[in-house]
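Visitor: Sharing a structure with you now.
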Amino acid sequence: MQEQAVAWRKAGEDIGFVPTMGALHAGHDRLVARARRENQRVIVSLFVNPAQFGPTEDFARYPRPFDADRVRLEALGVDAIFHPAVDQIYPPAFKTRVDPGPLAEVLEGKSRPGHFKGVLTVVLKLFQIGQPKRAYFGQKDFQQLVLVRQLVRDFALPLRIVAVPTVREADGLAMSSRNAYLSPAEREVAPGIYRALKTAAGRFETGLTDPAALEEVVRDLLEGAPGVAIDYVALVDETTLRRPVRAVAGSVLAVAVKLGSIRLIDNVVLGAERL
Ligand code: PAF
3 MQEQAVAWRK AGEDIGFVPT MGALHAGHDR LVARARRENQ RVIVSLFVNP
53 AQFGPTEDFA RYPRPFDADR VRLEALGVDA IFHPAVDQIY PPAFKTRVDP
103 GPLAEVLEGK SRPGHFKGVL TVVLKLFQIG QPKRAYFGQK DFQQLVLVRQ
153 LVRDFALPLR IVAVPTVREA DGLAMSSRNA YLSPAEREVA PGIYRALKTA
203 AGRFETGLTD PAALEEVVRD LLEGAPGVAI DYVALVDETT LRRPVRAVAG
253 SVLAVAVKLG SIRLIDNVVL GAERL
């Protein structure tokens, strides 16, 4: 893959890279379509990265519908699919890990220790292999996006990170490969996450700027929902990931919940949502 990518770059062709763990859905389609529009070549990686799963997480049962993913990507006109084996990315001699620093200690990083170390390590390697001019990430994984941007800045990587808005089901549920695990009853409850975020975003529009109060709006709506256990509700600054004194347009309201055994995350950017 790397030789092919280097040859394309030498020929003056821009590469758009979409890193994924497979089990593709319409959210991934949007990333690929954007990459297709903006680059001569598009590479998509399908790699369920063991390094970003904790010991009690769902690595073993993470869906791996490779054939369906390949058909989907071919229909989207990608130039190459990179589907490495685990020991191609992590051969026995592999030793180095990326330390993501303090921004990985909050939100998802606090609940999933080591997760972002695994994400940034694989993303750095994938960038080396795929040689992208642009790489595409969804805004649903907002903290991942912030950390990948930091990786690119800190290591002066010669590429641009393109953020693509979250794609939602008709009822508002953010698309995620994990939605497939939801039972019918959980699936009915799940759109309540985005409804709660939108309600809080609406309260911001009408003048509520106290971060704790905005978080409370979301908590109050989610706490009563059957089967929902809130991990965090956090109003944070979009770059520092710290709670600001006052919410402003651009602040991010982020949520993680467990719905039964399934962990779901979502977020809204205040002042940017269509209400
Ligand atoms: O967002 C994902 O699917 C993964 O975290 C990524 C970026 C492909 C790294 O494994």
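Letter by letter, the sequence shown follows residues 3 to 277 of this note's numbering. In this text, a Cβ means the ideal position worked out from N, Cα and C, and glycines have one as well.
#1: By the three-class DSSP mapping on this structure, what secondary structure does Ala77 have?
#2: In whole angstroms, what separates the C-alpha of Glu208 from that of Arg197?
#3: So, helix, strand or coil for Val238, using DSSP?
#4: Quick one, are the C-beta atoms of Asp31 and Ala176 less than 7 Å apart?
#5: Buried or exposed: Thr22, going by 16 or more other Cβ atoms within 10 Å of its Cβ?
#6: Can you determine whether any heavy atom of the ligand PAF sits closer than 6 Å to the C-beta of Pro21, and answer yes or no?
#7: Please classify Phe139 as buried or exposed, where buried requires at least 16 neighbouring CB atoms within 10 angstroms.
#8: May I ask whether a heavy atom of the ligand MG can be found less than 6 Å away from the beta carbon of Val124?
#9: What does the Cβ neighbour count give for Gln130, buried or exposed, with the cut at 16 atoms within 10 Å?
#10: CA-CA distance, Val46 and Leu216?
#11: Between the region 222 to 229 and the region 82 to 91, are three or more C-beta pairs nearer than 8 Å?
#12: Pop quiz: Leu109 and Ala236 are said to be a contact at Cβ under 8 Å. What is the actual Cβ separation, rounded to whole angstroms?
#13: Going by Cα to Cα distance, which pick from Asp212, Asp173, Arg205 and Thr211 is closest to Ile195?
#14: Based on DSSP bridge pairs, tell me the residues matched to Pro52.
#15: Among Leu78, Asp101, Thr241 and Tyr64, which has the Cα closest to the Cα of Pro115?
Guide: Considering the structure as presented:
#1: helix
#2: What sits at residue 208 in the sequence shown is Thr, not Glu. Spanning the alpha carbons of Thr208 and Arg197 requires a straight line of approximately 17 Å.
#3: strand
#4: Cβ atoms of Asp31 and Ala176: not closer than 7 Å.
#5: buried
#6: Closer than 6 Å to some heavy atom of the ligand PAF: that describes the Cβ of Pro21.
#7: With 16 or more Cβ atoms within 10 Å of its Cβ, Phe139 is classed as buried.
#8: Because the ligand MG does not appear in the structure shown, any question about it cannot be addressed here, the ligands present being the ligand PAF.
#9: When all chains shown are included, Gln130 counts as exposed.
#10: Spanning the two alpha carbons is a distance of roughly 38 Å.
#11: no
#12: The beta carbons of Leu109 and Ala236 sit about 6 Å from each other, so the pair counts as a contact at 8 Å.
#13: Asp173
#14: Pro52 pairs with nothing; no bridge assigned.
#15: Asp101
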